[in-house]
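Beneath this line is the structure, given in structure tokens, with notes to follow.
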Amino acid sequence: MIEVVKDEIATVRLINSSQTLIPVTIVEANTIGLLSSRLEGIVVEQVLVDKKIAIGDKIVSNDIEGGASSKIFIGEVAEIISSPSDIYQTLKVKTPIDFQNLQFLFVHR
Numbered sequence: 441m442i443e444v445v446k447d448e449i450a451t452v453r454l455i456n457s458s459q460t461l462i463p464v465t466i467v468e469a470n471t472i473g474l475l476s477s478r479l480e481g482i483v484v485e486q487v488l489v490d491k492k493i494a495i496g497d498k499i500v501s502n503d504i505e506g507g508a509s510s511k512i513f514i515g516e517v518a519e520i521i522s523s524p525s526d527i528y529q530t531l532k533v534k535t536p537i538d539f540q541n542l543q544f545l546f547v548h549r
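The sequence shown lines up with residues 441 to 549 when you count with our numbering.
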């Protein structure tokens, strides 16, 4: 997420930041959730348990107002976590970026 833009520099927050909370859409299930980062990795929470989610389903950003940050590819469902008594399921996310080895990030306008 781009937080601040100045003439020569921009400040961004990566999706693996502990401060991240992004509305997302699970494309194949046509449902929404909230992406956040935990110690065990990036997850999508608050996905209703009655939604049929599959490993490999695509996850994209969901700008509620339909702005420029809508439908940006974030990753795929890697694991589904839920129990019979839960009303929500949690999805572990596999991203195409290895954040542990990310050294440079270019922001292009």
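Cβ atoms here follow ideal geometry from the backbone N, Cα and C, with glycine treated the same way.
Computed from a predicted structure; not experimentally measured.
Discussion item. What does the alpha-carbon distance come out to for the pair Val517 and Asn502?
Written reply: 16 Å
Worksheet entry | Chain-order list of residues whose beta-carbon lies under 8 Å from that of Lys492 (same chain, five-residue window excluded) | Ala469
Discussion item. Taking a contact to mean a Cβ-Cβ separation below 8 Å, would you say Val484 touches Gly473 in this structure?
Written reply: yes
Worksheet entry | Assigned secondary structure, Phe544 (DSSP; H/G/I helix, E/B strand, else coil) | coil
Worksheet entry | 8 Å Cβ cutoff met for Thr451 and Ser476 | no
Worksheet item: So which of Lys534, Val444, Asn541, Leu479 has the shortest CA-CA distance to Phe513?
Response: Lys534
Worksheet item: Do Gln529 and Val487 have their CB atoms nearer than 8 Å?
Response: yes
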